[in-house]
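Everything on this sheet refers to the single structure shown next.
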Ligand SMILES: Nc1ncnc2c1ncn2[C@@H]1O[C@H](COP(=O)(O)OP(=O)(O)OP(=O)(O)O)[C@@H](O)[C@H]1O
Ligand SMILES: Nc1ncnc2c1ncn2[C@@H]1O[C@H](COP(=O)(O)OP(=O)(O)OP(=O)(O)O)[C@@H](O)[C@H]1O
Ligand SMILES: [Mg+2]
Ligand SMILES: [Mg+2]
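Residue numbers (this note's numbering), protein chains in the order written: chain L, 1016 to 1242; chain U, 1016 to 1242.
Printed below as a string of structure tokens:
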């Protein structure tokens, strides 16, 4: 599904160079459940933004379904992002003046789903993250963990073939975290691909493979032995 | 230091009532290190905002140093907030177009500290959270955990007599979390008061007392036995 070779992301700040990613080689197959760990600033969110087609690398190759992403046109990319990929951002990125329900409906608007079906599916997904009674609240009227769950619901609502989740349980107590992780397991069992950034080993344990980053490179890549 | 009686915070949404805090009774002495835990939405951030004088209760009494906070004038409150209290917000609340260094200097500006001393103390505090090499970056040029550490540095820079930290390690890997917690322990050993919201038991273990909230009320209040 995903093939990265010598991937780099370099920021130039005055006369200094910040190497957010410094040569990443990585293959991820369809249907895998991968956890990405590593210290603060090691490049995890940068990697996620590149895989999610929200950013472009400075150099290197990124193949998605054997197609070089840098040669795709904007329509193909937009289509990918809106129909194939669900993204839970580290900073949620909810629309501030919009209710939780409308925030969750947004990917279905892009997918051209009818209004009635959109409402029904968004309500159902909010129920799955235990926020049915907060549907009309705007983000500023929600707790930190509630906002995080709205971001998770928005990423799940269109049953994405690839879910990218950047620290989706950072603001959640352990019970609520388990609820979210069982939703992800369910999605994975449906054959979908999940890439999840976390620094909690208990959360990484749900994945079948753990990749550790350090200073913008892959430091280790461990697959769980089956059974 | 802090005395709360029958404290309530109620939001009216249409014909519904949301009881964010529903009758909190609590005493916290000067120099205590208190952890506040509880499920997502149980009222932790609401309680922190009230204690930090950033919000006002719907009803009930809040005494700070034996003075009723609701009867203080705006000057007294501003003085408290800027000189006595350091606050690490769950959503960081950094100034977006301002460098990390200038964000950390801000409390010292309010405290009337000279420019040279401000710069020196802000640099020193950024060093203590291992971000000396990110001083000139704006928040959008920092990772999630780096932004969180800038928020921690800003809260610590004026050596506050009361530190309020709302999930200060939610975006940090375990090693970086330990670095932050040892800074807090240091502050506590200097005689300062710390109130910390977390849902990680390992982090709560640094405190000498753990209060659990449920549905806007205190569910349990446990002091560690000394020694
Ligand atoms: N402005 C508001 N209007 C309506 N309801 C609100 C508002 N702000 C907060 N709430 C509600 O008050 C309750 C408590 O919120 P609070 O932010 O204190 O929770 P919390 O314990 O900090 O949760 P978390 O662990 O998720 O951060 C939540 O159910 C939330 O939906
Ligand atoms: N726009 C930018 N300009 C300059 N440097 C940047 C920019 N964005 C990110 N960086 C730097 O790139 C590095 C990697 O950032 P990234 O957000 O990928 O880290 P991360 O592994 O997600 O960290 P965390 O666990 O703290 O979220 C960091 O050192 C950060 O300071
Ligand atoms: Mg990150
Ligand atoms: Mg909160």
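The beta-carbon is built from N, C-alpha and C at its ideal position, and this holds for glycine as well.
Which term fits residue i, buried or exposed, when burial requires 16 or more other beta carbons within 10 angstroms of its beta carbon?
| i | result |
| --- | --- |
| residue 1170 of chain L | buried |
| residue 1172 of chain L | buried |
| residue 1209 of chain U | buried |
| residue 1029 of chain L | exposed |
| residue 1135 of chain L | exposed |
| residue 1086 of chain U | exposed |
| residue 1238 of chain U | exposed |
| residue 1250 of chain L | Any property of residue 1250 of chain L remains undetermined from this structure, which presents chain L solely from 1016 to 1242. |
| residue 1079 of chain L | buried |
| residue 1083 of chain U | exposed |
| residue 1158 of chain L | buried |
| residue 1071 of chain U | exposed |
| residue 1181 of chain U | buried |
| residue 1044 of chain U | exposed |
| residue 1032 of chain U | exposed |
| residue 1184 of chain L | buried |
| residue 1003 of chain U | Residue numbering for chain U in the displayed model covers 1016 to 1242; residue 1003 of chain U lies beyond these limits and cannot be assessed. |
| residue 1213 of chain L | buried |
| residue 1114 of chain U | buried |
| residue 1151 of chain U | exposed |
| residue 1027 of chain L | exposed |
| residue 1024 of chain U | buried |
| residue 1059 of chain U | buried |
| residue 1101 of chain U | buried |
| residue 1131 of chain U | exposed |
| residue 1204 of chain L | exposed |
| residue 1020 of chain L | exposed |
Within the present structure, is the beta-carbon of residue i separated from the nearest heavy atom of ligand 2 by less than 7 Å?
| i | result |
| --- | --- |
| residue 1152 of chain U | yes |
| residue 1035 of chain L | yes |
| residue 1087 of chain U | no |
| residue 1052 of chain L | no |
| residue 1056 of chain L | yes |
| residue 1186 of chain L | no |
| residue 1149 of chain U | yes |
May I ask whether a heavy atom of ligand 3 can be found less than 7 Å away from the beta carbon of residue i?
| i | result |
| --- | --- |
| residue 1074 of chain U | no |
| residue 1101 of chain L | no |
| residue 1181 of chain L | yes |
Taking 7 Å as the line, does the beta carbon of residue i fall inside it for any heavy atom of ligand 4?
| i | result |
| --- | --- |
| residue 1244 of chain U | Any question about residue 1244 of chain U goes unanswered here, given that chain U covers just 1016 to 1242. |
Given 7 Å as the limit, tell me if residue i has its C-beta closer than that to any heavy atom belonging to ligand 1.
| i | result |
| --- | --- |
| residue 1156 of chain L | yes |
| residue 1161 of chain L | yes |
| residue 1023 of chain U | no |
| residue 1059 of chain U | yes |
| residue 1174 of chain L | no |
| residue 1026 of chain U | yes |
Going by DSSP, name the residue or residues bridged to residue i.
| i | result |
| --- | --- |
| residue 990 of chain U | With chain U represented from 1016 up to 1242, any question about residue 990 of chain U goes unanswered, as that position is not in the structure. |
| residue 1083 of chain U | U:1078 |
| residue 1235 of chain U | U:1227 |
| residue 1101 of chain L | L:1178 |
| residue 1037 of chain L | L:1023 |
| residue 1049 of chain U | U:1210, U:1224 |
| residue 1017 of chain L | L:1043, L:1079 |
| residue 1131 of chain U | Answer is none; residue 1131 of chain U lacks a bridge partner. |
| residue 1028 of chain U | U:1031 |
With 8 Å set as the bound, which would you pick, yes or no: does the beta-carbon of residue i sit closer than that to a beta-carbon of chain B?
| i | result |
| --- | --- |
| residue 1153 of chain L | Looking at the structure shown, chain B is missing, and the protein chains on hand are L and U. |
Checklist entry - Taking a cut of 7 Å between CB atoms, which residues from the region 1176-1207 of chain L lie near chain U? => result Among the residues of the region 1176-1207 of chain L, those with a Cβ less than 7 Å away from any Cβ of chain U are 1182, 1185, 1186, 1187, 1188, 1189, 1190, 1191, in the order of the chain.
Checklist entry - If contact means a Cβ-Cβ distance below 8 Å, which residues of the region 1102-1121 of chain U contact chain L? => result Here the close residues are 1105, 1106.
Next on the checklist: Along the region 1078-1101 of chain U, where does the CB come closer than 9 Å to a CB of chain L? Name the residues.
Outcome noted: From the region 1078-1101 of chain U, no residue has a Cβ closer than 9 Å to chain L.
Item to check | chain L contacts from the region 1055-1081 of chain U (Cβ-Cβ distance under 7 Å) | outcome: Flagged, chain order: 1055, 1056, 1060.
Checklist entry - Taking a cut of 8 Å between CB atoms, which residues from the region 1213-1231 of chain L lie near chain U? => result Residues of the region 1213-1231 of chain L with a Cβ closer than 8 Å to any Cβ of chain U, in chain order: 1214.
Item to check | Where the region 1152-1172 of chain U meets chain L: residues whose CB sits under 9 Å from a CB there | outcome: Taking 9 Å as the Cβ-Cβ cut-off against chain L, the residues of the region 1152-1172 of chain U that qualify are 1152, 1156, 1157, 1158, 1159, 1160, 1161, 1162, 1163, 1164.
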